[in-house]
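Q:
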Amino acid sequence: MTIGDRLSIAVFNTAHRWIGEAAGTDLLARELADRGHRVRMVVPNRGWLSKNLRETTYPIMRVPWRLAGGRGANRPRQYRAVARFLRKFRPDIIHVGRGKEHWCVALVRPFATPSSRIVRTRHVVLPMKQSVANRWLFRRCTDGVTAVSQAAFSGLGDLGDWLPDSRRRVVLGAVDTTRFRPDRRDPELRASLGAPGDEILIGCLGRWQRIKGHDIFLPAVARVAARHPNVRVVVAGRKITLDHPRQRELHQQSGLGDRAHFLGMLDDAAPLVASLDIGVIASRGSEGFSRIAAEYAASRVAIVATRVGALPEIFDDGETGLLVPPENVDAMEEALERAVADVELRRRLTDQAHERLVPMFSPARMAEEIEALYYETLAAR
Numbered sequence: 411m412t413i414g415d416r417l418s419i420a421v422f423n424t425a426h427r428w429i430g431e432a433a434g435t436d437l438l439a440r441e442l443a444d445r446g447h448r449v450r451m452v453v454p455n456r457g458w459l460s461k462n463l464r465e466t467t468y469p470i471m472r473v474p475w476r477l478a479g480g481r482g483a484n485r486p487r488q489y490r491a492v493a494r495f496l497r498k499f500r501p502d503i504i505h506v507g508r509g510k511e512h513w514c515v516a517l518v519r520p521f522a523t524p525s526s527r528i529v530r531t532r533h534v535v536l537p538m539k540q541s542v543a544n545r546w547l548f549r550r551c552t553d554g555v556t557a558v559s560q561a562a563f564s565g566l567g568d569l570g571d572w573l574p575d576s577r578r579r580v581v582l583g584a585v586d587t588t589r590f591r592p593d594r595r596d597p598e599l600r601a602s603l604g605a606p607g608d609e610i611l612i613g614c615l616g617r618w619q620r621i622k623g624h625d626i627f628l629p630a631v632a633r634v635a636a637r638h639p640n641v642r643v644v645v646a647g648r649k650i651t652l653d654h655p656r657q658r659e660l661h662q663q664s665g666l667g668d669r670a671h672f673l674g675m676l677d678d679a680a681p682l683v684a685s686l687d688i689g690v691i692a693s694r695g696s697e698g699f700s701r702i703a704a705e706y707a708a709s710r711v712a713i714v715a716t717r718v719g720a721l722p723e724i725f726d727d728g729e730t731g732l733l734v735p736p737e738n739v740d741a742m743e744e745a746l747e748r749a750v751a752d753v754e755l756r757r758r759l760t761d762q763a764h765e766r767l768v769p770m771f772s773p774a775r776m777a778e779e780i781e782a783l784y785y786e787t788l789a790a791r
């Protein structure tokens with residue numbers, strides 16, 4: 411196998427809902443297929459991906475898979491189905507992103523397709539256990555390792571240290587710039603959110619979860635809005651609804667009234683992202699890559715974000731975004747005040763972030779770097 415040869419690649423994507431990891435894996439598979447490789451995506455036969463992911467440039471293989479917290483799947487059936495698929499497809503590369511995927515293919519590979527190489531990508535910053543089992547998994551059953559940020563890579567600890575640098579590297583995630591771009595800005599959508607003209611629309615987009623810091627964002631933006639009548643607020647994402655008691659309580663405490671809108675999961679978030687003036691990431695932690703940060707930058711939206719996970723790697727404070735410590739309402743308020751009060755600052759942040767970061771988040775760049783890693787693993791003994 412030489413550089414430039416067409417590869418057969420099995421990409422596993424077993425997230426039980428549409429999160430950044432699942433979206434990034436789908437984007438990678440599409441880019442690899444566009445580069446001429448023979449790609450198959452393996453997804454669970456139940457859950458969001460099975461119902462909603464559509465075959466575009468690559469076929470989808472559905473296998474019985476035990477989803478997080480689920481009891482319905484039979485694990486031997488899962489292993490047998492994966493083994494049958496691998497035996498039939500005979501991939502050069504098996505690309506996994508989760509521990510359960512990694513263990514499954516590691517255990518069936520000797521019987522199904524022993525010549526295939528296994529590449530693991532880390533999407534999270536949570537440190538991985540340095541156990542005997544994990545050391546065996548990475549030393550004996552892993553041919554290449556990537557991570558979507560240095561923060562995610564650091565979570566590996568000593569695992570994978572035996573691999574040479576050429577097969578152990580950080581490959582930043584990407585953003586779909588065919589969807590997320592400045593011209594998706596929607597005046598009608600802004601008007602429906604109370605921002606038809608010169609109003610400043612501030613959004614915090616992401617699923618309802620404590621780690622996402624909505625309870626930090628809302629008090630901070632409410633203080634800013636009290637001083638600036640032209641500020642409007644939108645919160646959107648999975649499980650976002652004022653029917654939720656805690657969300658309703660936060661909204662009432664904020665005093666924002668009808669100046670704040672709570673939207674749920676959107677079929678296409680790109681118009682909303684591009685319609686914002688300021689995009690906020692208020693996370694307490696995690697953010698192994700932060701897909702929404704890349705989407706804000708691609709859409710020319712000024713960014714205020716907490717210093718967690720990959721965000722300090724991605725943004726230069728005061729140049730491409732405003733960074734604040736996590737769980738600090740006062741610091742979040744101060745950064746939002748700066749961005750709201752200074753239109754030139756917002757323009758400079760958006761221009762520099764778009765110029766510097768969009769090439770960094772290029773899907774073509776991501777696929778090219780991953781492809782190079784594949785060839786390195788195939789060339790190695």
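By the numbering used here, the letter at position 167 of the sequence shown is numbered 577, and the numbering carries on one by one without gaps.
Note that the Cβ used here is the ideal one computed from N, Cα and C, for glycine as well.
Please go through the same chain and pick out, in chain order, the residues whose beta-carbon is closer than 7 Å to the beta-carbon of Ser-418, but skip the five residues on each side of it.
A: If we look at Ser-418 and ignore the five residues flanking it on each side, its Cβ neighbours are Arg-448, Phe-499, Arg-500, Pro-501, Asp-502.
Q: As a quick exercise: from Ser-772, Leu-788, Ala-790, Ala-789, pick the residue whose alpha carbon is nearest that of Gly-434.
A: Ser-772
Q: Does Leu-459 have its Cβ less than 9 Å from a Cβ in chain D?
A: Reference to chain D is not applicable here, since this structure consists of a single protein chain.
Q: Would you kindly check if the distance between the Cβ of Ile-413 and the Cβ of Val-581 is under 9 Å?
A: The answer is no: Cβ separation not under 9 Å.
Q: For Ile-763, which option in Arg-756, Thr-730, Pro-769 has the closest C-alpha, if you only look at C-alpha atoms?
A: In the sequence as displayed, the identity of residue 763 is Ala instead of Ile. The shortest Cα separation from Ala-763 among Arg-756, Thr-730, Pro-769 belongs to Thr-730.
Q: State buried or exposed for Gly-623, treating a residue as buried only when at least 16 other CB atoms are found within 10 Å of its CB.
A: buried
Q: Hey, how far is the Cα of Val-689 from the Cα of Arg-490?
A: Val is not the amino acid found at residue 689; the sequence shown has Gly there. Gly-689 and Arg-490: Cα-Cα distance of roughly 45 Å.
Q: Here's the rule: buried if 16 or more other CB atoms are within 10 angstroms of the residue's CB, otherwise exposed. What is Leu-536?
A: exposed
Q: Between the stretch 657-669 and the stretch 509-527, do at least 3 Cβ pairs fall closer than 8 Å?
A: Contact between the stretch 657-669 and the stretch 509-527 is absent: fewer than three C-beta pairs spanning the two stretches fall below 8 Å.
Q: Leaving aside the five residues before and after Val-644 along the sequence, list all residues of the same chain whose C-beta is less than 6 Å from its C-beta, in chain order.
A: Excluding positions up to five away in sequence, the list reads Leu-603, Gly-613, His-671.
Q: How would you call Asp-677, buried or exposed, if buried means at least 16 neighbouring beta carbons within 10 angstroms?
A: exposed
Q: Quick check: the stretch 561-571 against the stretch 749-762, are there 3 or more CB pairs under 8 Å?
A: no
Q: Which residues in the same chain have their Cβ closer than 7 Å to the Cβ of Val-739, if we skip the five residues on either side of it in sequence?
A: Only Ile-626, Pro-629, Ala-630 meet the Cβ criterion.
Q: Using the Cα positions of Met-451 and Phe-725, report the straight-line distance between them to the nearest angstrom.
A: If I take the Cα positions, the gap works out to 32 Å.
Q: In chain order, what residues of the same chain lie with their CB nearer than 6 Å to the CB of Ala-557, ignoring the 5 residues before and after it?
A: Arg-532, Phe-563, Val-580
Q: For a test of the three-state rule: what should DSSP assign to Phe-672, helix, strand or coil?
A: strand
Q: Tell me the residue span of the alpha helix (DSSP H) that contains Ile-626.
A: Start and end: 624-637.
Q: Measure how close the beta-carbons of Arg-756 and Pro-735 come, nearest whole angstrom, since I'm counting them as under 8 Å.
A: Not really, about 22 Å apart at Cβ, beyond 8 Å.
Q: Between Leu-615 and Ala-679, which are expected to be in contact by the criterion C-beta below 8 Å, what is the C-beta distance as a whole number of angstroms?
A: Contact between Leu-615 and Ala-679 holds, since their C-beta atoms are separated by about 7 Å, short of 8 Å.
Q: For Pro-454, count neighbouring Cβ atoms within 10 angstroms of its own Cβ and tell me buried if that reaches 16, exposed if not.
A: buried
Q: Given this structure, state the Cα-to-Cα distance separating Ala-584 from Pro-592, to the nearest angstrom.
A: Using only the alpha carbons, I get a separation of about 17 Å.
Q: Find out if the Cβ-Cβ distance for the pair Ala-720, Leu-732 is shorter than 9 Å.
A: no
Q: For Ser-602, which three-state DSSP category applies?
A: Looking at Ser-602 - three-state DSSP - the assignment turns out to be helix.
Q: Near Met-776, what residues of its chain come up, given a Cβ to Cβ distance below 8 Å and the 5 sequence neighbours on each side ignored?
A: Leu-437, Leu-438, Glu-441, Val-581, Leu-582, Gly-583, Ala-584
Q: Could you tell me which residues DSSP puts in a beta bridge with Arg-527?
A: Ile-503
Q: Suppose contacts are defined by Cβ-Cβ distances below 9 Å. Is Ala-789 in contact with Met-742 by that definition?
A: Going by C-beta atoms, Ala-789 is not nearer than 9 Å to Met-742.
Q: Do Val-641 and Arg-617 have their C-beta atoms closer together than 9 Å?
A: no
Q: So, helix, strand or coil for Leu-615, using DSSP?
A: strand
Q: Given this structure, state the Cα-to-Cα distance separating Trp-572 from Arg-497, to the nearest angstrom.
A: 29 Å
Q: State the start and end residues of the unbroken alpha helix (DSSP H) segment that holds Leu-437.
A: 430-444
Q: Assuming Ala-420 and Leu-459 make a contact with CB atoms under 8 Å, what is their CB distance in whole Å?
A: Approximately 15 Å separates the beta-carbon atoms of Ala-420 and Leu-459; this is outside 8 Å, ruling out the contact.
Q: So which of Ile-621, Arg-595, His-426 has the shortest CA-CA distance to Glu-737?
A: Ile-621
Q: For Gly-482, which of helix, strand or coil comes out of DSSP?
A: Interpretation of Gly-482 is limited by its pLDDT of 47, a score under 50 that renders its predicted location unreliable; the figure taken from the coordinates is listed afterwards. In this structure, Gly-482 counts as coil in the three-state DSSP scheme.
Q: Considering only DSSP beta bridges, list what Asp-727 is partnered with.
A: Gly-731
Q: I'd like the ranges of any beta strand (DSSP E) spanning at least 3 consecutive residues and lying wholly in the stretch 659-705.
A: 670-673, 688-691
Q: Going by C-alpha distance, which of Arg-485, Ala-646, Ala-493 is nearest Met-795?
A: Beyond the ends of the chain as shown, which are 411 and 791, falls residue 795; an answer cannot be given.
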